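See below for the structure under consideration.
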Amino acid sequence: MTADQTQLERVQQAIDIKTKPPGSLGQIEALALQMAMAQKTDNPLADPARLLLFAGDHGLVEEGVSAWPSEVTGQMVLNFLSGGAAANVFARANGLEISVIDAGVIADLPDHPDLYRANIRKGTRNSFKENALTLEEVSAALVFGEELASDEVSVGTKVIALGEMGIGNTSSAALIAHALEGIPLEILTGPGAGLDNNGVNKKLEILKATAARVPGKLAPMDVLCAFGGLEIACMAGALIGAAQANAIVLIDGFIATSAALYALKMYPELSQNIVYAHKSKEPGHQAMLDVVGGKPLLDLDLRLGEGSGALLAQPLLRSACAMLNEMATFESANISGKDET
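Take the sequence shown: its letter number 211 is residue 1563 in this note's numbering, and every next letter is one higher.
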């Protein structure tokens, strides 16, 4: 029996002898077991936890795939830095720190102690006309994200939550999922940040034409080169860096899941470290979750991004760890076990 199998049986037994019917805490029990195995400990921890919030712009916005102009990306980064966004509010409410990352924002951003800069390029190229990124740019984004997350884990962080901001990035995420997994664009294309039905139909036609420029299933690096974005590549790198350092990676919604698709194509064994926070209201997220076998913790009709769903899910990770680490056993509580007669 392998060491992993021995630990799995030991932790499962520890969960089963808590003062409850086995399995009665459902997904919380599964979450506790997953976190123990991922962190390689019988006593997993959900804290400290940090949200890495990656922001980037997309050249494809020039084609009219979003209801909002690209300037909003930079304006929202300033909102994050001043503490006024949903991500800030939920982070304060749930006890997480936030690092904001300029993965590729077009706007010039002021220095701030919570702002990290990838310094790769300001926004992607227009993937409707040409590749969004070069191989060197994708590699730089992956390495930047990986190093940022692994450095965070090295100082004790146990959970890395991934969130994003980027006007046009539901288009990039849809193209990534389509090119990596063959999911039809008709399923993946939704309103994003507020398109009406006519806008969604226009977006779908643009995405079909964009995908046709580099048709078929593509190798993972080629997908990121073709369709971007810098925030997605940085998130994928961060997932890889955190998971390889035995941390839990808490994935937010549609766009963050597209980063997970890339990471799992490269390193399928990292699935043990990934927790999917919620099912997004964005059409197509369920299809992406089906591909990775993800079972989201929440379903609250969220479609904001920013890591908002991940922040709301963090208390469930804390509860799962507390159940495993603190809950009494039948023996310690002097409670009779199930009558087997």
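Note that the Cβ used here is the ideal one computed from N, Cα and C, for glycine as well. Bear in mind the structure is a predicted one, so any value in this text is a computation, not a measurement.
Practice item. Assign residue 1441 to one of two classes, buried (16 or more other C-beta atoms within 10 Å of its C-beta) or exposed (fewer than that). Key: Mapped onto the sequence shown, residue 1441 falls at position 89. Residue 1441 comes out exposed.
Check your understanding: Under a Cβ-count criterion, where at least 16 other Cβ atoms within 10 Å of its own Cβ denotes burial, should residue 1649 be classed as buried or exposed?
Key -> The residue labelled residue 1649 in the question sits at position 297 within the sequence shown. Answer is buried; the Cβ neighbour count reaches 16.
Practice item. Confirm, please, whether the CB-CB distance from residue 1612 to residue 1582 is below 8 Å. Key: Taking the sequence shown and counting its residues from 1, one reaches residue 1582 at position 230. Taking the sequence shown and counting its residues from 1, one reaches residue 1612 at position 260. Against a cut-off of 8 Å, the Cβ pair of residue 1612 and residue 1582 comes out as no contact.
Point to revise | Bridge-paired residues (DSSP) for residue 1358 | key: As a working note, residue 1358 is residue 6 in the sequence shown. Residue pairing by DSSP leaves residue 1358 without any beta bridge partner.
Exercise for review: Decide if the region 1511-1526 is in contact with the region 1644-1664; the criterion is three or more beta carbon pairs, one per stretch, under 8 Å apart.
Suggested key: Contact holds: three or more Cβ-Cβ distances are below 8 Å.
Review point. Are the beta-carbon atoms of residue 1472 and residue 1407 separated by less than 8 Å?
Key: In the sequence shown, the residue the question calls residue 1472 occupies position 120. In the sequence shown, the residue the question calls residue 1407 occupies position 55. Going by C-beta atoms, residue 1472 is not nearer than 8 Å to residue 1407.
Exercise for review: Within the same chain, show all residues whose beta-carbon is closer than 8 Å to that of residue 1429, passing over the 5 residues directly before and after it, in chain order.
Suggested key: Here residue 1429 refers to the residue found at position 77 of the sequence shown. Result list for residue 1429: 1407, 1452, 1454, 1457, 1459, 1461, 1467 and 1517, in chain order.
Review point. Quick one: what's residue 1575 bridged to in DSSP?
Key: Position 223 of the sequence shown, counted from the start, is the residue given in the question as residue 1575. BP columns for residue 1575 are empty, so no partner.
Check your understanding: Is DSSP giving residue 1637 helix, strand or coil here?
Key -> For this step, residue 1637 is matched to residue 285 along the sequence shown. The DSSP-derived three-state label of residue 1637 is helix.
**Study point:** Inter-residue Cα distance where the pair is residue 1663 and residue 1402
**Key:** In the sequence shown, counting from the first residue as 1, residue 1663 sits at position 311. In the sequence shown, counting from the first residue as 1, residue 1402 sits at position 50. Taking the straight line from one Cα to the other gives about 9 Å.
Check your understanding: Is DSSP giving residue 1442 helix, strand or coil here?
Key -> Locating residue 1442 in the sequence shown gives position 90, where the first residue counts as 1. In the three-state DSSP reduction, residue 1442 falls in the helix class (H, G or I).
Exercise for review: Please report the residue range of the beta strand (DSSP E) in which residue 1451 lies.
Suggested key: What you label residue 1451 is simply residue 99 of the sequence shown in a count that begins at 1. Residues 1449-1456.
**Study point:** Per-residue burial, residue 1396 [other beta carbons within 10 Å of its own, 16 or more giving buried]
**Key:** Position 44 of the sequence shown, counted from the start, is the residue given in the question as residue 1396. Burial of residue 1396 is indicated by the presence of at least 16 other C-beta atoms within 10 angstroms of its C-beta.
**Study point:** Exposed unless 16 or more other CB atoms sit within 10 angstroms - verdict on residue 1486
**Key:** Here residue 1486 corresponds to residue number 134 of the sequence shown, with the count starting at 1. With fewer than 16 other beta carbons inside 10 angstroms of its own, residue 1486 counts as exposed.
Check your understanding: Beta carbon of residue 1364, beta carbon of residue 1385: below 8 Å?
Key -> Translated into positions along the sequence shown, residue 1364 becomes position 12. Translated into positions along the sequence shown, residue 1385 becomes position 33. Note that the C-beta distance between residue 1364 and residue 1385 is below 8 Å.
Exercise for review: Would you mind reading off the limits of the beta strand (DSSP E) that contains residue 1429?
Suggested key: For the purposes of this step, residue 1429 is taken as residue 77 along the sequence shown, with counting starting at 1. The continuous stretches of beta strand (DSSP E) do not include residue 1429, which lies in the alpha helix (DSSP H) extending over residues 1423-1434.
Point to revise | Reduced DSSP category for residue 1562 - H, G, I as helix; E, B as strand; rest coil | key: In the sequence shown, the residue the question calls residue 1562 occupies position 210. Residue 1562: helix per DSSP, three-state reduction.
Review point. Going by beta carbon distance, what residues of the same chain come within less than 6 Å of residue 1579, once the five residues before and after it are set aside?
Key: Residue mapping note: residue 1579 aligns to position 227 of the sequence shown, counting from 1. Excluding residues up to 5 positions away in sequence, 1479, 1484, 1524, 1527 and 1528 lie with their Cβ nearer than 6 Å to the Cβ of residue 1579 in the same chain.
Check your understanding: Is there contact here, the region 1665-1676 with the region 1561-1569, by at least three beta-carbon pairs under 8 Å?
Key -> No, the region 1665-1676 is not in contact with the region 1561-1569.
Point to revise | residue 1685 burial status per 10 Å Cβ neighbour count (16 or more: buried) | key: To locate residue 1685, count along the sequence shown from 1; it is residue 333. Exposed is the call here.
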